[in-house]
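As structure tokens, the structure follows; a few thoughts come after it.
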Amino acid sequence: MAFTFKNLTNETRRYMAEEVNYDLQKNILYISERLSTVGKSVYPALLLKSIESGTEATLAQSLLGKFNPTYLRTNSNGTFTSVKMPYNQNIMLAEGEFNRFYIRALCRIAISNGCKLKIYRAKLSSSPRIESERKIGSFIDPEQLLWDLRNNVGTDTALGLPPGPNSGLSVELV
207 MAFTFKNLTN ETRRYMAEEV NYDLQKNILY ISERLSTVGK SVYPALLLKS IESGTEATLA
267 QSLLGKFNPT YLRTNSNGTF TSVKMPYNQN IMLAEGEFNR FYIRALCRIA ISNGCKLKIY
327 RAKLSSSPRI ESERKIGSFI DPEQLLWDLR NNVGTDTALG LPPGPNSGLS VELV
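For what it's worth, the working numbering labels the leading residue of the sequence shown as 207, then goes sequentially.
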């Protein structure tokens, strides 16, 4: 099931691309260690192309075949085990990162236009997390959220938005 981005306009896409370029200039763009060498080299261009004229789904499609076949998982005792790459790794990465740049763009639009940001479910979930459901309908400060997303690249954010992989939550301008 695809995301429904309520404010995905040309202006939003322009800000999204600016945010990717911001990360590239600072050398902080999140590039998953699970990507293959080729995947890591082409990821920034694929991300920018999907932002320019696609969606999280087109990014996911372009990432097919760009991951290593296995990755190392840390066990509870601190040792590592090589495990098979999840079949949907491309979807998880594409959805998470496209949504992050979408949210960062909306933060900038909200700041410049004096708007508010409201959390909503952008992707349906058959078993939504309780903590995600509690956030829906609440407002979030765009300046704090933008700072949080820029400073917690590739990790969970302090404000908890987006709240982890597969949450399906995003923001809309109000």
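We treat Cβ as the ideally placed atom computed from N, Cα and C, and that holds for glycine.
Taking one C-beta from the stretch 225-240 and one from the stretch 320-335 each time, how about it: are there three or more such pairs within less than 8 Å?
-> no
DSSP beta-bridge partners of T276 = Your numbering for residue 276 matches position 70 in the sequence shown. BP columns for T276 point to K290.
Using the rule of at least 16 other Cβ atoms within 10 Å of the residue's Cβ for burial, across every protein chain shown, is E303 buried or exposed?
-> Along the sequence shown, read from residue 1 onward, the residue named residue 303 stands at position 97. So E303 ends up on the buried side.
If you drop the 5 nearest sequence neighbours on each side, which residues of the same chain put their C-beta closer than 6 Å to that of N319?
-> The sequence position of residue 319 within the sequence shown is 113, counting from 1. There are no such residues.
Is it true that the CB of A300 sits closer than 7 Å to the CB of A328?
-> Locating residue 328 in the sequence shown gives position 122, where the first residue counts as 1. Locating residue 300 in the sequence shown gives position 94, where the first residue counts as 1. Not closer than 7 Å, so no.
Report the three-state DSSP secondary structure of K232 (helix, strand or coil).
-> Here the question's residue 232 lines up with position 26 in the sequence shown. Coil.
Give the range of the beta strand (DSSP E) segment to which K324 is assigned.
-> Numbered from its first residue, the sequence shown carries residue 324 at position 118. Run containing K324: 323-327, per the beta strand (DSSP E) assignment.
Inspect the CB distances between the stretch 269-280 and the stretch 240-250 and report whether three or more fall short of 8 Å.
-> yes
Euclidean distance between Cα positions of E217 and T280 | Numbered from 1 along the sequence shown, position 11 holds the residue referred to as residue 217. Numbered from 1 along the sequence shown, position 74 holds the residue referred to as residue 280. Each residue's Cα considered, the two are about 41 Å apart.
Which class does S256 belong to by DSSP, given the choice of helix, strand or coil?
-> Here residue 256 refers to the residue found at position 50 when the sequence shown is read from its first residue. Here S256 sits in helix by DSSP.
Report the residue from N283, T215, S331 whose alpha carbon sits nearest the alpha carbon of S259.
-> Taking the sequence shown and counting its residues from 1, the one referred to as residue 259 is at position 53. For S259, the nearest C-alpha among the options comes from T215.
Give the single residue among R219, M298, F209 whose Cα lies nearest to the Cα of R310.
-> On the sequence shown, position 104 is the one that residue 310 refers to. That would be R219, whose Cα lies nearest to the Cα of R310.
Taking only the alpha-carbon atoms, compute the straight-line gap between L187 and L270 and give it to the nearest angstrom.
-> Look at the range of the chain in this structure, 207 to 380, and you will see that residue 187 is not part of it.
Using only alpha-carbon positions, find the residue among E349, L330, S333, N305 that is nearest to V226.
-> By 1-based counting over the sequence shown, the position of residue 226 is 20. Taking only the C-alpha atoms, the option nearest V226 is N305.
Could you check the C-alpha separation between E378 and P292 for me, to the nearest Å?
-> To locate residue 378, count along the sequence shown from 1; it is residue 172. To locate residue 292, count along the sequence shown from 1; it is residue 86. Those two C-alpha atoms are separated by around 30 Å.
Going along the chain, which residues of its own chain have a beta-carbon closer than 6 Å to the beta-carbon of K212, five neighbours each way excluded?
-> Position 6 of the sequence shown, counted from the first residue, corresponds to residue 212. Correct list, in chain order: E378.
Measure the alpha-carbon distance for S332 versus N372 and round it to whole angstroms.
-> For this step, residue 332 is matched to residue 126 along the sequence shown. For this step, residue 372 is matched to residue 166 along the sequence shown. Distance between the alpha carbons of S332 and N372: 11 Å.
Cβ atoms of I297 and P348: under 7 Å apart, would you say?
-> The residue you call residue 348 lines up with position 142 of the sequence shown. The residue you call residue 297 lines up with position 91 of the sequence shown. Cβ atoms of P348 and I297: not closer than 7 Å.
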